[in-house]
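Trainee: Handing you a structure now.
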Amino acid sequence: MSKWLIKPWIILALYGAFALFGLSVLSQPANSITDLSESEPVTIISKNSNIAKVLPSQNSIQPLTNCKDFDNGQNVYVRSAVMSAVEDQSENFYLDKCVTSGTASSLEYYSKLQEYSCVNQQMVSRIIDCPYGCISGACRPAPTKGTVYVVHAVDTERAAFNPRVYSNDLSSSDFGPGSNVDYVFGQTYRNANKDSFGGSIKLSWFLMNHEGYCRSQQGDCNSVNTAIKPYANKITGYDDALGWHFHLSDWTDINNDDVFFWNQLLTFNSTFYEHGTDIQLAEKMLASQILDQQFFPAMYRSGWGWENNDYSNWLEDIFPFDLTNLSPGYGLQTLADGIGNVYNWHDAPADWSWYHPSPTNYQQPGSQKRIMFRCGGDVSDMIQAFAKANQGQDVMICTYNHNYFPYFGQYSLLTTLNFIKQWYYPDIKFKFVNAMEGIRIMLNLFDEEPPVAELIRVGNTYTLQTNEQLYAYPYGAIKDSNGNYWRVKPIQSVPDLAGGKYSWTFNLEGRNYVEFAAAGSDKSGNTFVTQKLTNKF
């Protein structure tokens, strides 16, 4: 999408005031935990008796040849990762996580944190008691006021995509060394953008599919996934997140003047276009993600922010979380070539609340199970979020940008947040989270373990078994002998229960296919992709 998050005139009006504060980082709060002393690697020094504390009997230290802490020390209010390189030079990542104790019904069940850090090039693991509970790998802040949880979404695509040109290759300058993407994966950018708890900014990368990439000389529908793979370790280390960003488009001539463009499609009812129906264009993209990238997302942001009821109902059976709500914005359709930026969220909730959509009106709360979150707004919307937090309510706000803006410098998110905090709500803290982390905090979802899935083949019948109920029926993906990708659905939408497992059956008898795999998500957004099985004729 190409819309401004903060209106340009507001930026010009506020930047004079922002210059007084610059990009100064808020100091760590008085009740935070200090870094560990090198001389006492298992000692935590606190300034307040009601903060998180170590349980010494459960400490452990593992000697390693190299250790990197992505949050630069002990910080129980920030989920981060430690990377350790052992003697064979392989890299292992340890992500802070909540651990359980007692029974699931007890108050202390989610009150402990396993925090990883580095001391003298050694990875240190501690079990820490969180007085107000633990969620999403961090201790909850003291509940005196609400907290504003800040998600920064990045819609990934080619900077110079030309809708008038049939073949658009992804350039290395969009993602490679020296690019903006390369810069924001560096320590300089992360250290310059800190929240009220001392945590670095986290980014939520929504990886784009577009039919134009399939028709490029590279011939890779998933070229964005391929381009971002070299940063996989940094995505893990900085606790970034991945989602799906799909532009429903095809090479069409909408006004019958024999001039073709990569136009936005405005139907999702099996209308046929140049390269297939609207539904086929979408379903083949996810199938190729599963088979070629071993990737299946639980979060979605629609290209141009477009949805209609048909599209919303299709998304309902795939993704538990949708961050497309751009209320109260809308973009009108034109009859000119190069159609894009058509969307309508005028009637959707605009108060940063989440909702289940209605099957007859995707903008209104209803009976569906998918959960919609708002992403986008201006300064006044961000102030509204701080006001709700001031009333004691936790709030998740989501901003977005594109990967090709220099250092995401279309606006300064940190400057805006600090301005609101200092001039409007000095007692309110904000915390950078990735999108999945923020969602789980808002919904009180504690499960972070992916389903255990097994794919069993008997002839051309495949049975998928999981150890837990899924959000929806699994997504089956095949590749045929011509290199085309298709979705296949199980023969039942509700799993069979036998032996404590959930089972779905895929019948591929008579289908032309050379590869098959299945994927899915549980209700907490933990995803899996099965092994890819081949079919030899």
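Going by this note's numbering, the first residue of the sequence shown is number 4, and it counts up by one from there.
The C-beta atom is built at its ideal place from N, Cα and C for all residues, glycine as well.
I'd like the list of long-range same chain contacts for Asp99, defined as Cβ closer than 7 angstroms, with 5 residues on each side in sequence excluded.
Mentor: Residue numbering aside, residue 99 sits at position 96 when the sequence shown is read from its first letter. The residues are Arg82, Ser83, Leu116, Gln117, Glu118, Tyr119, Gly140 and Ala141.
Trainee: Would you mind reading off the limits of the alpha helix (DSSP H) that contains Trp426?
Mentor: By one-based count along the sequence shown, residue 426 stands at place 423. That run of the alpha helix (DSSP H) goes Leu416 to Trp426.
Trainee: Quick one: grab the DSSP three-state call for Pro233.
Mentor: Along the sequence shown, read from residue 1 onward, the residue named residue 233 stands at position 230. Pro233 falls in the helix class under three-state DSSP.
Trainee: Compute the Euclidean distance between the alpha carbons of Tyr216 and Asp381, then round it to the nearest angstrom.
Mentor: Position 213 of the sequence shown, counted from the start, is the residue given in the question as residue 216. Position 378 of the sequence shown, counted from the start, is the residue given in the question as residue 381. Going from the Cα of Tyr216 to the Cα of Asp381 covers about 32 angstroms.
Trainee: Could you have a look at Asn34 and say whether DSSP puts it in helix, strand or coil?
Mentor: Position 31 of the sequence shown, counted from the first residue, corresponds to residue 34. Below a pLDDT of 50, predicted positions are generally treated as unreliable, and Asn34, at 32, falls in that range; the measurement from the model is reported next regardless. In the structure shown, Asn34 sits in coil (DSSP, three-state: anything other than H, G, I, E or B).
Trainee: So, helix, strand or coil for Cys142, using DSSP?
Mentor: By 1-based counting over the sequence shown, the position of residue 142 is 139. Strand.
Trainee: Give the DSSP-derived three-state secondary structure of Thr533 in the structure shown.
Mentor: For the purposes of this step, residue 533 is taken as the residue at position 530 of the sequence shown. Of the three classes helix, strand and coil, the one that applies to Thr533 here is coil, per DSSP.
Trainee: I think Trp247 touches Pro300, with their Cβ atoms under 8 angstroms apart; what is that distance to the nearest whole Å?
Mentor: Sequence index remark: in the sequence shown, residue 247 carries index 244 (1-based). Sequence index remark: in the sequence shown, residue 300 carries index 297 (1-based). So it is a contact: roughly 4 angstroms between Cβ atoms.
Trainee: Measure the beta-carbon distance from Phe249 to Met288 and round it to whole angstroms, keeping in mind my assumption that it falls under 8 angstroms.
Mentor: In the sequence shown, the residue the question calls residue 249 occupies position 246. In the sequence shown, the residue the question calls residue 288 occupies position 285. Contact flag correct, Cβ pair sits at about 6 angstroms.
Trainee: Using 8 angstroms as the cut-off, can you tell me whether the stretch 143-162 makes contact with the stretch 401-409, which would need three or more C-beta pairs spanning the two stretches below that distance?
Mentor: A contact exists between the stretch 143-162 and the stretch 401-409.
Trainee: If distances are taken between C-alpha atoms only, which option among Pro146, Phe96, Asn78 and Ala163 comes closest to Leu130?
Mentor: By one-based count along the sequence shown, residue 130 stands at place 127. Residue identity differs from the one stated: residue 130 is Ile in this sequence, not Leu. Among Pro146, Phe96, Asn78 and Ala163, the Cα nearest to that of Ile130 is on Asn78.
Trainee: Please state whether the Cβ-Cβ distance between Pro623 and Thr469 is less than 9 angstroms.
Mentor: Since the first residue of the chain shown is 4 and the last is 540, residue 623 is not available in this structure.
Trainee: So for Cys217, helix, strand or coil by DSSP?
Mentor: On the sequence shown, position 214 is the one that residue 217 refers to. DSSP places Cys217 in helix when its eight states are reduced to three.
Trainee: By the 10 Å Cβ neighbour count, where 16 or more other Cβ atoms means buried, how is Gln220 classified, buried or exposed?
Mentor: Position 217 of the sequence shown, counted from the start, is the residue given in the question as residue 220. Exposed.
Trainee: Within 10 Å of its beta-carbon, does Arg460 have 16 or more other beta-carbons around it, so buried, or fewer, so exposed?
Mentor: The residue you call residue 460 lines up with position 457 of the sequence shown. That one is exposed.
Trainee: For Ser496 and Ala475, what's the separation of their Cα atoms in angstroms?
Mentor: Start at 1 with the first residue of the sequence shown, and residue 496 comes out as number 493. Start at 1 with the first residue of the sequence shown, and residue 475 comes out as number 472. Using only the alpha carbons, I get a separation of about 8 angstroms.
Trainee: Tell me which residues share the same chain as Ile481 and place their Cβ nearer than 6 angstroms to its Cβ, disregarding the 5 neighbours each side in the sequence.
Mentor: For this step, residue 481 is matched to residue 478 along the sequence shown. Excluding residues within five positions, the ones whose Cβ falls inside 6 angstroms are Trp489, Val491, Tyr516 and Phe519.
Trainee: If you drop the 5 nearest sequence neighbours on each side, which residues of the same chain put their C-beta closer than 8 angstroms to that of Ala529?
Mentor: Taking the sequence shown and counting its residues from 1, one reaches residue 529 at position 526. The amino acid at residue 529 is misidentified as Ala; the sequence shows Asn. Ala301, Asp450, Glu451, Glu452, Pro453 and Pro454, listed in sequence order.
Trainee: Classify Ile400 as helix, strand or coil using the three-state DSSP reduction.
Mentor: On the sequence shown, residue 400 is found 397 positions in, with the first residue counted as 1. DSSP places Ile400 in strand when its eight states are reduced to three.
Trainee: Does the stretch 260-277 come close enough to the stretch 341-352 that 3 or more CB-CB pairs lie under 8 angstroms?
Mentor: The stretch 341-352 is in contact with the stretch 260-277.
Trainee: Taking the beta carbon of Gln367 as the centre, do at least 16 other beta carbons fall within 10 Å, making it buried, or is it exposed?
Mentor: Position 364 of the sequence shown, counted from the start, is the residue given in the question as residue 367. Gln367 should be labelled exposed.
Trainee: Count the other CB atoms, across all protein chains shown, that sit within 10 Å of the CB of Ala351; report buried if there are 16 or more and exposed otherwise.
Mentor: Taking the first residue of the sequence shown as position 1, residue 351 is located at position 348. Ala351 should be labelled buried.
Trainee: Who pairs with His155 in a beta bridge, going by DSSP?
Mentor: Within the sequence shown, numbered from 1, the residue matching residue 155 stands at position 152. Per DSSP, Leu206 and Thr402.
Trainee: From the DSSP output, in three-state form, read off Phe275 for me.
Mentor: For this step, residue 275 is matched to residue 272 along the sequence shown. Three-state result, Phe275: strand.
Trainee: Figure out for me which residue from Pro477, Arg514, Asn487 and Asp483 has the closest Cα to the Cα of Asp499.
Mentor: For the purposes of this step, residue 499 is taken as residue 496 along the sequence shown, with counting starting at 1. For Asp499, the nearest C-alpha among the options comes from Pro477.
Trainee: Check whether the Cβ atoms of Leu467 and Thr537 lie closer than 9 angstroms to each other.
Mentor: Taking the first residue of the sequence shown as 1, we reach residue 467 at position 464. Taking the first residue of the sequence shown as 1, we reach residue 537 at position 534. Contact: no.
Trainee: Determine the contact status of Ile138 and Ile386, defining contact as a CB-CB distance below 9 angstroms.
Mentor: By one-based count along the sequence shown, residue 138 stands at place 135. By one-based count along the sequence shown, residue 386 stands at place 383. No, the pair does not count as a contact, with Cβ atoms beyond the cut-off.
Trainee: Do you know offhand how far Gly503's Cα is from Glu471's?
Mentor: Counted from its first residue, the sequence shown places residue 503 at position 500. Counted from its first residue, the sequence shown places residue 471 at position 468. Near 9 angstroms, if we compare the C-alpha coordinates of Glu471 and Gly503.
Trainee: Compute the distance between the beta-carbons of Ala163 and Ser175, then report whether it is under 9 angstroms.
Mentor: By 1-based counting over the sequence shown, the position of residue 163 is 160. By 1-based counting over the sequence shown, the position of residue 175 is 172. No, the Cβ-Cβ distance between Ala163 and Ser175 is not below 9 angstroms.
Trainee: Give me whichever residues DSSP pairs with Asp499 in a beta bridge.
Mentor: In the sequence shown, the residue the question calls residue 499 occupies position 496. According to DSSP, which records beta bridges pairwise, Asp499 is partnered with Ser506.
Trainee: What residue from Lys539, Asp397 and Arg193 has the CA that sits closest to Asp243's CA?
Mentor: In the sequence shown, the residue the question calls residue 243 occupies position 240. Comparing Cα-Cα distances from Asp243 to each of Lys539, Asp397 and Arg193, the minimum goes to Arg193.
Trainee: From Asp177 to Ile321, what does the alpha carbon distance come to, in whole angstroms?
Mentor: On the sequence shown, residue 177 is found 174 positions in, with the first residue counted as 1. On the sequence shown, residue 321 is found 318 positions in, with the first residue counted as 1. If I take the Cα positions, the gap works out to 29 angstroms.
Trainee: Of all the beta strand (DSSP E) runs that stay within the bounds of the stretch 447-489, which reach a length of 3 or more residues?
Mentor: Whole beta strand (DSSP E) segments, 3+ residues: 456-461, 464-469 and 478-482.
Trainee: Whose C-alpha, out of Asn236, Tyr428, Arg377 and Ala390, is nearest the C-alpha of Ala438?
Mentor: Here residue 438 refers to the residue found at position 435 when the sequence shown is read from its first residue. Out of Asn236, Tyr428, Arg377 and Ala390, Arg377 has the C-alpha closest to the C-alpha of Ala438.
Trainee: What residue range is occupied by the uninterrupted alpha helix (DSSP H) comprising Ala353?
Mentor: Counting from one through the sequence shown, the residue named residue 353 turns up at place 350. Ala353 -> no alpha helix (DSSP H), and no H or E assigned at all.
Trainee: How is the beta strand (DSSP E) around Ala521 delimited, first residue to last?
Mentor: Working through the sequence shown from its first residue, we reach residue 521 at position 518. Looking at the DSSP string, the run of the beta strand (DSSP E) that includes Ala521 is Glu518 to Ser524.
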